[in-house]
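Participant: Before anything else, here's the structure in question.
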Amino acid sequence: PSTQLIDLLIAAPAPLTLDSDSASLDLVLSKDQTMVKGRSKMKEFSCHPKRFSNYGCVLAREGFSAGKHYWEIHVERLDEWIIGAVKESIERHSAVALTPSNGFWTLRKWNGNVYGPHHATESECCQNLNLQKVGICVDYEVGQVSFYNADDMSHLYTSTYRFTEKIYPFFLPFPETMTGGVLKVFHLKL
-14 PSTQLIDLLI AAPAPLTLDS DSASLDLVLS KDQTMVKGRS KMKEFSCHPK
36 RFSNYGCVLA REGFSAGKHY WEIHVERLDE WIIGAVKESI ERHSAVALTP
86 SNGFWTLRKW NGNVYGPHHA TESECCQNLN LQKVGICVDY EVGQVSFYNA
136 DDMSHLYTST YRFTEKIYPF FLPFPETMTG GVLKVFHLKL
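The numbers in the working numbering rise by one with no breaks, and the one at position 87 of the sequence shown is 72.
Here is the structure:
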């Protein structure tokens, strides 16, 4: 087996829940905090310093400042999404490019194609790939965020960066293209 696959097997899937305090007002979280979908109308919530006000996204409650961590996200019923990991201090209240230089290590599905963090045609990594589940592995010490097709564990993309603060899983379903689908955190039951 490849060394990347062995590394993934060493990092057991992290049990994640979504952080409702960080959720944008145009998102709906499930009661168990493992699924998120967009809504066309904003809901009233109390203001919270962790809440995103400019992007329809949410972070996981759990963050990582050391070690290897792996999680999977069901994406099969969504046409467009952005998922990945972000640094704790990312900008939450104004528009910024979702790039590694701004603390976003992401994979994006848009118009049927999957892109790396620069969201331009030159960062396209997988044309017409029909992903069902995406696996994300953060290796904090090495400074890598790697993305996998979790159905066959084929490698999609790796972003490298020197992490200096806590890293959080990141979820952004596009509400305007929703077909009843949700982003769902996969929980491995051992």
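By construction, the Cβ of each residue, glycine as well, lies at the ideal position given by its N, Cα and C atoms.
With three or more beta-carbon pairs closer than 8 Å as the criterion, would you say the region 7 to 26 touches the region 78 to 97?
Facilitator: Result no; under three Cβ-Cβ pairs closer than 8 Å.
Participant: Can you tell me the Cα-Cα spacing of residue 117 and residue 150, whole angstroms?
Facilitator: Roughly 31 Å separates the two Cα atoms.
Participant: Kindly give me the distance between the Cβ atoms of residue 142 and residue 128, rounded to whole angstroms, as I take these residues to be in contact under 8 Å.
Facilitator: Contact flag wrong, Cβ pair sits at about 15 Å.
Participant: When DSSP labels each residue in this structure, what does residue 86 get in the three-state scheme?
Facilitator: Helix at residue 86.
Participant: Who are residue 242's beta bridge partners in DSSP?
Facilitator: The requested residue 242 does not occur in the structure, where the chain is confined to residues -14 to 175.
Participant: Please confirm whether residue 51 and residue 130 have their CB atoms less than 8 Å apart.
Facilitator: No.
Participant: From the DSSP secondary-structure annotation, give me the bridge partner or partners of residue 68.
Facilitator: Residue 68 pairs with 92, 156.
Participant: Could you tell me whether the Cβ atoms of residue 171 and residue 68 are closer together than 8 Å?
Facilitator: In this structure, residue 68 does not lie closer than 8 Å to residue 171 by Cβ.
Participant: With DSSP as the reference, label residue 61 as helix, strand or coil.
Facilitator: Here residue 61 sits in coil by DSSP.
Participant: Of the choices 93, 101, 18, whose alpha-carbon is the least far from that of residue 63?
Facilitator: Among 93, 101, 18, the Cα nearest to that of residue 63 belongs to 93.
Participant: Pick from 138, 125, 61: whose alpha carbon is nearest that of residue 144?
Facilitator: Closest option to residue 144, Cα to Cα, is 125.
Participant: Could you have a look at residue 128 and say whether DSSP puts it in helix, strand or coil?
Facilitator: Of the three classes helix, strand and coil, the one that applies to residue 128 here is coil, per DSSP.
Participant: Within 10 angstroms of the Cβ of residue 0, are there 16 or more other Cβ atoms? Answer buried if so, exposed if not.
Facilitator: When all chains shown are included, residue 0 counts as exposed.
Participant: Expressed to the nearest angstrom, what Euclidean distance is found between the alpha-carbon atoms of residue 104 and residue 66?
Facilitator: Unreliable positioning characterises residue 104 in this predicted model, as indicated by a pLDDT of 49, which lies under 50. The coordinate reading is nonetheless provided below. Roughly 12 Å separates the two Cα atoms.
Participant: Following the continuous beta strand (DSSP E) through residue 49, name the residue where it begins and the one where it ends.
Facilitator: Neither: residue 49 is in no beta strand (DSSP E) and is coded neither H nor E.
Participant: Hey, would you say residue 57 sits closer than 8 Å to residue 135, going by beta carbons?
Facilitator: Their beta carbons are under 8 Å apart, which means residue 57 touches residue 135 by this criterion.
Participant: Which residues does DSSP list as the beta-bridge partners of residue 171?
Facilitator: 57.
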